[in-house]
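For any residue, its number in my numbering is found by taking its place in the sequence shown, counting from 1, and adding 1387.
Every residue gets a Cβ at the ideal spot worked out from N, C-alpha and C, and that includes glycine.
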Amino acid sequence: MSQARIRCGDRTRTTGELMDRARRIAGGLSGLGVRPGDRVAVVLRNDIEFVEVSLGIAVLGAVPVPVNWHWKGAELGYLLTDCSARAVFAHRDLLPAVEDVLPRDLPVIEVEPSPALRAAYRLGTAAAGDPPRSGRMELESWLAAQEPLAEAPTSPPLSVIYTSGTTGRPKGILREPMTPAQGAAVTERLFRAFGLDPAMRTLVPAPMYHSAPNAHALFAATSGIDLTIMPRFTAPDFLDTVRRHRIEHSQVVPTMFVRLLALPEEQRAAADVSSLRAVVHAAAPCSPEVKRRMIGWWGPVILEYYGASEIGTVVACDSDEWLAHPGTVGRALDGCRLRILAEDGTEAPPGEVGEVYVDPGPAWPRFTYIGDDGKRAAMERDGFLTLGDAGRLDADGFLYLSDRLSDMVISGGVNVYPAEIESFLITVPGVRDVAVFGIPDPDLGEALAAHVDTDPDSGLTEDDIRERVRANLAGYKVPRVVVLDRELPREESGKLFKRRIRERYWTPA
């Protein structure tokens, strides 16, 4: 294990060095009065420190709370108060936003952005010997004075992940610590679903404040898997990182596939991706055409899964299974069960769309939402849980997702799933991103609107978009309103905040 590495940019640590620093962080937090079960906020971008700080918090038995560092003002203040944070780690350039909303005089440990981070986010050059902001503790000098914590909990707590807040205020997902038996079962499940083994070199290109890349990075670090972290995803940097480090495994989101496929053909042809053995994706719908092209480019190394922080990974498929069942997200993993329930609560037959319910089995720990046990209770029916997704099962037990039920549009009494239209439009040459949603309509109740980000050189017009949809999908799926929009609010994780666009139409109504 000590020979494995974790790297970001030009910096590298062995896992032995990483765990030594994590134990010192745990000892330092204990000295600040943080106790097992307390929550500690992590306002850090992707870097080695994100991993060692998260591990250090868990070594103490406290709970890491990774924070979306894009948040500011009321969003950030709400989270710090809601999770009852007892301390905060933050990159230096993010401190002003944190200090503006600190709910009380919390200990704040300042982390200097690395050269790789500074380059990726154009933060400028650090001045040598700059003192910590406002007298806050600086990580390296603070760490040098700490003694490592001698004992670690046998079942360290899982991170508290906050939901994205696409339909309201985010909720913190509080999961029970895993028992050793649960940990072993979940490890086996992840190796299967992610196509991962301990000898692989894995890459994390997505922001680690999100659930999947967070779990991926911490799992790799604690399992002794060679880990490379990208400070920020760009398609050329991803391909270069794969080539330089002979990356064998990575976890991505479909938006990254779209950006990779948008590279010039000669650049894609010249890329050396021969080391890749497994690339797993989830978090957002993936257009079948996009996935087909990725398999054609990289070979049958693409895997997919379905799950969430609340339920873990419950469904998965490999490239061969997907090609035999195009559009599926996979079949239930061992120990997991699926049900599709109609509106009346009865089980829907194969092929019929309904609400997806899952039973993650005893291997996954129980959870609740901080301050909202009622929301957790409302998700459950006969031991099965729903995340609010609509989907169907085929005769072979493969799951196909239609959309979020909250995104479904009922237009003139007909159910329309925007994800299907988005999945088509993203394949249109010149389309870079798209959001389809319902808007008020006096006759139909709701009509379809599409906000589309296009390449300025494509020459695409609103009418072109409508005609492409009309030529390929049913007439009732043609958006009544099309807006060319260069500023769609999508996170680096691939999460699209439709609510922010939709509100422009519904609030006046």
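{"Check": "How is Asp1820 classed by DSSP in three states: helix, strand or coil?", "Outcome": "strand"}
{"Check": "In this structure, does DSSP put Val1865 in helix, strand or coil?", "Outcome": "coil"}
{"Check": "Could I get the ranges of all uninterrupted alpha helix (DSSP H) runs contained in the segment 1831-1859, with 4 residues as the minimum, in chain order?", "Outcome": "1849-1859"}
{"Check": "Is it right to say Phe1668 is buried, meaning 16 or more other beta carbons lie within 10 angstroms of its own, or is it exposed?", "Outcome": "It is worth fixing the name first, because residue 1668 is His in this sequence and not Phe. Label assigned to His1668: buried."}
{"Check": "Measuring CB to CB, does Val1786 end up less than 9 Å from Leu1725?", "Outcome": "According to the sequence provided, residue 1786 is Leu. The question's Val does not apply to it. It is a contact, given that the beta carbons lie within the stated cut-off."}
{"Check": "Rounded to the nearest angstrom, what separates Arg1753 and Arg1576 at their Cα positions?", "Outcome": "17 Å"}
{"Check": "For the 8 Å Cβ check, are there 3 or more pairs between the segment 1403-1421 and the segment 1440-1447?", "Outcome": "yes"}
{"Check": "Could you pull out every unbroken alpha helix (DSSP H) segment of at least 4 residues lying fully inside the segment 1769-1794, listed in chain order?", "Outcome": "none"}
{"Check": "Out of His1478, Val1639 and Pro1687, which one is the CA nearest neighbour of Pro1672?", "Outcome": "Val1639"}
{"Check": "Identify every residue that forms a DSSP beta bridge with Leu1466.", "Outcome": "The partner list for Leu1466 (beta bridge, DSSP) is empty, contrary to what the question assumes."}
{"Check": "My output table needs one value for Thr1553: the three-state DSSP class, helix, strand or coil.", "Outcome": "Per-residue confidence for Thr1553 stands at a pLDDT of 48, beneath the threshold of 50, marking its modelled position as unreliable; the derived number appears in the next sentence. Residue state, collapsed to three classes: coil."}
{"Check": "Run the CB neighbour count on Thr1700, radius 10 Å, all protein chains shown included, and call it buried at 16 or more, exposed below.", "Outcome": "buried"}
{"Check": "Would you please state the rounded distance, in angstroms, between the beta carbons of Leu1530 and Arg1408? I believe it to be under 8 Å.", "Outcome": "7 Å"}
{"Check": "With a threshold of 16 other CB atoms inside 10 Å of the CB of Val1905, please say whether the residue is buried or exposed.", "Outcome": "With the chain running from 1388 to 1896 in the structure shown, residue 1905 is simply not present."}
{"Check": "How long is the line joining the alpha carbons of Phe1884 and Glu1890, rounded to whole angstroms?", "Outcome": "11 Å"}
{"Check": "Per the DSSP calculation, Tyr1508 is bridged to which residue(s)?", "Outcome": "Paired residue(s): none; Tyr1508 is not in a bridge."}
{"Check": "With 16 as the cutoff for other CB atoms within 10 Å, does Ala1607 come out buried or exposed?", "Outcome": "buried"}
{"Check": "Output needed for Arg1392: all residues of its chain with C-beta closer than 8 Å, excluding positions within five of it in sequence on either side, in chain order.", "Outcome": "Thr1399, Arg1400, Thr1401, Thr1402, Asp1613 and Leu1614"}
{"Check": "By the 10 Å Cβ neighbour count, where 16 or more other Cβ atoms means buried, how is Ile1852 classified, buried or exposed?", "Outcome": "buried"}
{"Check": "Inspect the CB distances between the segment 1688-1707 and the segment 1812-1826 and report whether three or more fall short of 8 Å.", "Outcome": "no"}
{"Check": "Residues in its own chain within less than 7 Å of Thr1566 by CB, not counting five upstream and five downstream?", "Outcome": "Ser1542"}
{"Check": "Quick one: grab the DSSP three-state call for Phe1476.", "Outcome": "strand"}
{"Check": "Going by DSSP, what residue range makes up the alpha helix (DSSP H) through Thr1402?", "Outcome": "Thr1402 to Gly1418"}
{"Check": "Where does Asp1584 fall in DSSP's three states?", "Outcome": "coil"}
{"Check": "When you compare only the Cα positions, how much space is there between Trp1684 and Pro1675?", "Outcome": "14 Å"}
{"Check": "Measure the C-alpha to C-alpha separation of Gly1636 and Leu1590 and round it to an integer number of angstroms.", "Outcome": "Note on residue identity: the sequence assigns His, not Gly, to residue 1636. Cα to Cα, the separation comes out at about 6 Å."}
{"Check": "Please check the pair Asp1842 and Gly1862, which I expect to be a contact at CB under 8 Å, by giving their CB distance rounded to whole angstroms.", "Outcome": "Not confirmed; about 27 Å, so no contact."}
{"Check": "Between the segment 1450-1467 and the segment 1625-1632, are three or more C-beta pairs nearer than 8 Å?", "Outcome": "no"}
{"Check": "Would you tell me roughly how many angstroms separate the C-alpha atoms of Thr1553 and Glu1878, rounded to the nearest one?", "Outcome": "Confidence is the limiting factor: at Thr1553 the pLDDT is only 48, short of 50, which leaves the residue's position unreliable, though a coordinate-based value still follows. Cα-Cα distance, rounded: 11 Å."}
{"Check": "Suppose you measure from the CA of Asp1790 to the CA of Arg1779; what does that come to, to the nearest Å?", "Outcome": "11 Å"}
{"Check": "Under a Cβ-count criterion, where at least 16 other Cβ atoms within 10 Å of its own Cβ denotes burial, should Ala1515 be classed as buried or exposed?", "Outcome": "Note on Ala1515: pLDDT 47, under 50, position unreliable in the model; no value is reported."}
{"Check": "Is DSSP giving Asn1455 helix, strand or coil here?", "Outcome": "coil"}
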